[in-house]
Amino acid sequence: MTGERLPPLLEVRDLRSRYGRTEVLDGVGFSVAAGEVVGLVGPNGSGKSSLLKCLGGLRATSGGSIAVAGRAIQAFSRNEFARTVAYVPQHSGPGMSLRVIDMVMLGRLPHRATSSDACNQRIALDMIQRLGLEPLALRHFSELSGGERQRVLIARALAQQGRLLLLDEPTSDLDLRHQLAAMATVRDVADRDGAGCVVAIHDLALAARFCDRLLMLRQGRVHGDGPWRAVLTPANIQALFGVDARIGSDGGLPYVIPISEGPINGID
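Listed below in structure tokens is the structure:
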């Protein structure tokens, strides 16, 4: 039995973006299926954050196309796009005076016309519980640590219940326990809810453990795309990060151990 093939949830073709005269993204192309977690890896300045902002409609492109569920992102209304795509920034300023519960409720704003207040509150509380934020629910966002704020932003994005979740280094301010919990939550959202997830992450072992595929960026171009064993090779690590590395798995858990063979940034 044959049928029409469904388009990927996210399809990016020949994407380009400039910052002044500098091409920060140069011909990037890839796709993400529903229920798939794709990790963006690469050194600082490789284009990971710029790519996520383009996907989220937060940065202008100079060429190429971005489609979500077969539609160009320009075809979405602002509210419809907010119901479809959720974005978690790398950092958030401390100035917000809202309580944590109210911050997470902001994720329900795109659904106000179609969901009751009781339903919206229930979903927000579910996400607070999912991220282990119950003890912080009535505290003000401005009082929280960087890691606590990051968990609140993840909860807010999950409350949007978008089909596509974009996360810019969601584990950067988290301790080890909460790094694992945050990535396990992303994995669960993909597996249980069928969301497609694109996650920029510096911890290569964590990316290999939780992501279906890795997209490796170098100077705004795709340097590798595939399963972690195909992308995280000694040659690629040396080419992008300038270090040798031991790569493998122990008990099914991937590891990447960088090995310094000389001075780094002038430090012996």
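The sequence shown begins at 257 in my numbering and counts up one residue at a time.
Where is the CB? At the ideal position from N, CA and C, for every residue including glycine.
Check, Outcome
"Ordered along the chain, which non-local residues of its own chain (more than five positions away) have a Cβ less than 7 angstroms from that of N335?", "P366"
"Determine, using beta carbons only, whether R274 and S318 come nearer to each other than 8 angstroms.", "yes"
"Straight-line CA distance for R405 to R395?", "11 angstroms"
"Between which two residues does the beta strand (DSSP E) carrying F497 extend?", "Unbroken run through F497 is the alpha helix (DSSP H), P490 to F497; no beta strand (DSSP E)."
"Below 7 angstroms CB to CB, which residues in the same chain sit around P426 once its five sequence neighbours on both sides are set aside?", "V344, Q406, I410, A438 and V455"
"Measure the CB-CB distance between G285 and V478 and report whether it falls below 8 angstroms.", "yes"
"What would DSSP say about A440, mapped onto helix, strand or coil?", "helix"
"Once DSSP output is grouped into helix, strand and coil, what is the label at G363?", "helix"
"Give me the DSSP bridge partner(s) of C453.", "V293 and L421"
"Helix, strand or coil for H434 per DSSP?", "helix"
"Quick check on R485: does DSSP put it in helix, strand or coil?", "helix"
"If contact is defined by three or more beta carbon pairs under 8 angstroms, each pair taking one atom from either stretch, is the region 416-425 in contact with the region 386-395?", "no"
"Output the residue ranges of the alpha helix (DSSP H) runs that lie fully inside the region 277-350 and measure 4 residues or longer, sorted by chain position.", "304-311 and 334-340"
"How should L430 be labelled, buried or exposed, when 16 other C-beta atoms within 10 angstroms of its C-beta is the threshold for buried?", "buried"
"Tell me which residues share the same chain as G295 and place their Cβ nearer than 6 angstroms to its Cβ, disregarding the 5 neighbours each side in the sequence.", "V455, I457, A463, C467 and L470"
"Mind checking which residues open and close the alpha helix (DSSP H) that includes D382?", "D373 to R386"
"Got a sec, what are the start and stop residues for the beta strand (DSSP E) A501 sits in?", "D500 to D506"
"Check this for me: beta carbons of L414 and V445, under 8 angstroms apart or not?", "yes"
"Taking the C-alpha atoms as reference points, what is the distance between V374 and E267?", "For the sequence presented, residue 374 should be read as Ala rather than Val. In a straight line, the C-alpha of A374 is about 35 angstroms away from that of E267."
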